[in-house]
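Structure first, then comments.
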């Protein structure tokens, strides 16, 4: 029987394209995570005294790049280099603001979009190395994919499942294959974000601290929503460019516009109190104002005295985009409410933000 062993060791490069395979965090995968290498292979169309009618005589490899879709269960930390769980978010948004709660001891890491993600005060020249360790036959090897950028992140939570996070990445090239990194250490199971850890709120959310560098959220006056499924996708519009720079792979990442989409699958009902999907639908019909959502996964494990590991997704301003109710003969009706994010310039200063609470002093 063939062997089938793969694990991902994620490293943060100090300089894009210079691999990091020593200081790594181990990320559990729901798919293989093996990037797709894309080569631009051009036919050599030149007059060289040959009979071209008989076919092309050569191909020229002009450029290379890679792309990957990584599906992972979400843990608040990443094993040996525990901050690496947040490093993915930092490289997506372009910025991370870390603070320690002096009373409880845990660290909060706040991620939100910035206008210039590659300035010296943000990511600077940093990038990601995807170290895919896998077996070539019976021998384990490390395939380092360097120069990684994160261009979208999706969060999908269904009842009865762990939170699934999908990261879309792009990068420069696969570096030289080396021996396996070895001795992977993954996050403890009690740091996993599951469906029973999640609460979804709308309405009056209290944000602690100064915008946009918040350090906490509270929900005492908010309305709890109880959907069957939540899907959130955030894109940053980044594109990699190959320039006339003496390299055959992308050396420039151009920032784009952030975009947020969200869907809630929920019962079609109008309860006497609490969240009403019927009222939400009718608000869309009437074009009456905008909505907001905040998702909070509380892992239930202390990250410091009195406060737990957790993940927060704050969508402060959402345009309702509809979604018709679904009636069936044999089931209660449901509806999938759809939203798109709006830049909240006046209050929070972002279209979307993520906060991570853990014991890592840096991400």
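Numbering (the numbering used here), first residue to last: -4 to 358.
C-beta atoms are modelled at their ideal positions from N, C-alpha and C, and glycine is treated no differently.
If I'm right that residue 7 touches residue 82 with Cβ under 8 Å, what's the distance once you round it to whole angstroms? 5 Å
Buried or exposed: which applies to residue 86, given that a residue is buried once 16 or more other Cβ atoms fall within 10 Å of its Cβ? buried
Identify the continuous alpha helix (DSSP H) that holds residue 133 and give its terminal residues. Premise fails: residue 133 is in no alpha helix (DSSP H) and is neither H nor E.
Pick from 110, 74 and 259: whose alpha carbon is nearest that of residue 289? 259
So, using beta-carbon positions, are residue -2 and residue 26 closer together than 8 Å? no
Own chain residues within Cβ distance below 7 Å of residue 192, not counting five before or after: 292, 293, 294 and 295
Where does residue 48 land, buried or exposed, given buried means 16+ other C-beta within 10 angstroms? exposed
Would the region 69 to 78 count as touching the region 297 to 309 if we require 3 or more Cβ pairs under 8 Å? yes
Measure the CB-CB distance between residue 279 and residue 317 and report whether it falls below 8 Å. yes
Can you find the residues in the same chain that come closer than 7 Å, C-beta to C-beta, to residue 238, ignoring five residues on each side of it along the sequence? 246 and 247
Measure from the alpha carbon of residue 201 to the alpha carbon of each residue in 348, 63 and 217, then state which is nearest. 217
Buried or exposed, going by whether 16 or more other CB atoms sit within 10 Å of the CB of residue 275? buried
Is the CB-CB distance between residue 144 and residue 235 below 8 Å? yes
The alpha helix (DSSP H) enclosing residue 299, as first and last residue numbers: No alpha helix (DSSP H) contains residue 299, which is instead part of the beta strand (DSSP E) from 286 to 299.
Where DSSP assigns a beta bridge to residue 329, which residues make up the other side? 262 and 321
How would you call residue 78, buried or exposed, if buried means at least 16 neighbouring beta carbons within 10 angstroms? buried
Which residue's Cα is closest to the Cα of residue 132: 113, 1, 242 and 355? 1
Alpha carbon to alpha carbon, how far is residue 263 from residue 328? 6 Å
Please state if the CB of residue 58 and the CB of residue 28 are separated by a distance shorter than 8 Å. no
Are there 16 or more other CB atoms within 10 angstroms of the CB of residue 309, so buried, or fewer, so exposed? buried
Cβ pair residue 91, residue 21 closer than 8 Å: no
Rounded to the nearest angstrom, what separates residue 219 and residue 273 at their Cα positions? 15 Å
Do residue 223 and residue 154 have their beta-carbon atoms positioned less than 8 Å apart in this structure? yes
Exposure of residue 36, with buried meaning 16 or more beta-carbon neighbours within 10 Å: exposed
Kindly give me the distance between the Cβ atoms of residue 311 and residue 331, rounded to whole angstroms, as I take these residues to be in contact under 8 Å. Their Cβ separation, rounded to whole angstroms, is 22 Å, which puts residue 311 and residue 331 out of contact at 8 Å.
May I ask you to report which of helix, strand or coil DSSP gives residue 276? helix
Buried or exposed by the 16-neighbour rule on C-beta atoms within 10 Å, applied to residue 339: buried
Buried or exposed: where does residue 267 fall if 16 or more other Cβ atoms within 10 Å of its Cβ makes it buried? exposed
6 Å CB neighbourhood of residue 261 in its chain, flanking five on each side removed: 222 and 272
With DSSP collapsed to three states, give me the class of residue 190. helix
Between the C-alpha atoms of residue 164 and residue 319, what's the straight-line distance to the nearest angstrom? 33 Å
Check the C-beta distance from residue 162 over to residue 187 and give it rounded, since I have them as a contact under 8 Å. Not confirmed; about 17 Å, so no contact.
Inter-residue Cα distance where the pair is residue 176 and residue 126: 8 Å
Using only alpha-carbon positions, find the residue among 33, 314, 183 and 322 that is nearest to residue 255. 314
Per DSSP, what kind of secondary structure is residue 87 in: helix, strand or coil? helix
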